[in-house]
Amino acid sequence: MNVLLIGGGGREHALAWALSASPLLDTLYCAPGNAGIADVAQCVDLKVDDHEAVVTFCKDKAIDLVVVGPEVPLVAGLTDTLTAAGIKCFGPSAAAAQLEGSKGFTKDLCRAIGIPTAAYARFDSADDAKAYAAQQPVPIVVKADGLAAGKGVIIAQTQAEALSAIDSLFTGNASGAEVVIEEFLTGEEASFFALVDGEHVLALATAQDHKRVGEGDQGPNTGGMGAYSPAPVMTDELITRTMDEIIKPTVAEMARRGTPFKGVLFAGLMITDEGPKLIEYNVRFGDPEAQVLMPRLTSDLLPALIASADGVLDRFDLRWHDTVALTVVLAANGYPGTPEKGSEIKGIDAASAIDGVTVFHAGTARDDTGRILANGGRVLNVTAVGKTVREAHDRAYEAVSCIDWPGGFCRSDIGWRSLARETSDTEA
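Numbering (the numbering used here), first residue to last: 6 to 433.
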């Protein structure tokens, strides 16, 4: 089979790494790819926002399956264009991708069918939003309704912060802007993934990520500074409840509305004293969660994606290594604001040579002399597997120490909750 993978981040490198191992694969293309993806796929200069150009490429290269990694092309309807052209695609339609494209849409769906989530209100006026927020207890959560690359969520600790957050999300977006203001939920976050074929659902492994830029989960939200899998907080009981109370009702409702969901449904959860509650949906693999899911997957990824696209997940299953995977994100100085680009990164080969370590590239480029340069905000994902969280953690940070990159930084405490839980269990 010939496969085209859309995207060029760490998630796509992890997917390309997994897809490249499939015996079903003939040629793997990636648009645009990055310096790491180039080692396992043919990177192509293809404007993915030009849907007809993607269709033409697929026909010229006899592409059997397109796998769309990021959310932006999905929300823009790339799957719809490819499907109309007779090209098989893994990923939801634009209508189904509203589950990520509009937080207000998802909150309204939750309210309509009783999915547990935070209380909320949505506004298209900054004045109305601020009047509402001024009457709510803090902390309070202010979200941009649309896509914001993981940075459109502000947890305001004071009323002043809430009002400032509302102003910032409406600034420059006076036409069509909308915000969602939510109750602040208390608990432990977890990431839950399921393949969906429009009707059937196949749960994947769980994960937990670190959204805040600073140590101890402090500071601004980012796209994710690290992750680990599995998430210890997700017991068998909580997995069953998540499927029965959140995932399956959503899939059934989307089908009932005539907009069936196909692809991977990613539920960001808060595990509260009352059980799992939905924070938000994403309609693609997580980043950096994909970088810890793929190393644990023992099954062939490619047929699983095909089964999702073909509507036959009820005849499918996946196997996972009984190991822990942990990834540390190395980000460019300035992230999550304006990252510094162009600095040279050395030592990746030395890090990759450590047993159980894989370095996934996120925002990298290779210059004419072969040097690896920073080309984004989150730049590398140093991933390690081990029998325990501690083993995976120590291997990952040993590999991080091999990387010579003064232009970047990382958190030193990825997996701290799980490490504390593991230590407590050992002492008990």
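We put the beta carbon where it would ideally sit given N, CA and C, even for glycine.
Distance CB(residue i)-CB(residue j) smaller than 9 Å
i	j	result
V362	E396	no
A341	G228	It is worth fixing the name first, because residue 341 is Pro in this sequence and not Ala. Yes. Within cutoff.
L306	A46	no
G280	R246	yes
G15	A367	yes
N338	G219	no
T332	T388	yes
L79	G268	yes
T111	P97	no
P293	N386	yes
A161	A138	yes
G203	G82	no
E188	Q213	no
K108	E250	no
S348	W421	no
V8	V71	yes
Cut-off 6 Å between Cβ atoms - residues of its own chain near residue i, not counting five sequence neighbours on either side
i	result
K135	L168, I171
A131	I171, F175
L274	A195, F197, P281
P37	G13
N287	E105, F271
P225	V218, P341
S27	D305, L307
Simplified DSSP assignment, three categories, for residue i
i	result
T388	strand
A179	Note on A179: pLDDT 48, under 50, position unreliable in the model; the coordinate value appears next. DSSP places A179 in coil when its eight states are reduced to three.
V199	It should be pointed out that residue 199 corresponds to Ala in this sequence rather than to Val. Here A199 sits in strand by DSSP.
M440	The structure shown does not extend to residue 440, since the chain is modelled only from 6 to 433, so the question has no answer here.
C63	helix
I186	strand
A212	strand
D409	strand
L323	coil
G347	coil
M248	helix
E193	strand
F271	strand
F95	strand
R426	helix
Beta-carbon contacts of residue i that lie in its chain and below 7 Å, excluding the five residues immediately before and after
i	result
T163	V143
E17	L10, C35, I42, G74
G375	none
I159	V147, A170
V185	K108, G109, K112, Y125, R127, K148, D150
Option nearest residue i by Cα separation, candidates the options
i	options	result
D133	A117, G14, E183, A58	E183
A90	V59, S130, N338	V59
E76	D69, M239, A100	A100
L152	I145, Q103, H205	Q103
K253	G381, I377, P121	P121
K392	P411, D360, G221	D360
I419	D222, S25, D373	D222
V394	G263, R426, V405	R426
C407	F62, V49, A355	A355
D372	K346, S429, A358	K346
M6	D50, L310, K216	L310
H205	A260, K216, D241	A260
C48	D55, F62, E57	F62
Cβ separation of residue i and residue j, assumed to be a contact under 8 Å, to the nearest whole Å
i	j	result
A314	F95	5 Å
K93	D65	About 16 Å separates the two Cβ atoms, so there is no contact after all.
M299	A19	4 Å
L190	T277	6 Å
C415	V334	6 Å
Contact set for residue i: own chain, Cβ-Cβ below 8 Å, skip 5 residues either direction
i	result
G157	K148, A149, G151, L174
S180	Its pLDDT being 47, under 50, S180 is placed unreliably by the model, and the measurement read from it follows with that caveat. Closer than 8 Å at Cβ, skipping near neighbours: no residue.
T211	A195, S196, F197, F198, S234, P235, A236, M239, I244
T369	N39, A40, G41, I350, I377, L378, A379, N380, G381, V384, L385
R320	A312
Any chain D beta carbon closer than 9 Å to residue i
i	result
R127	Of the protein chains in the structure, only one exists, and it is not chain D.
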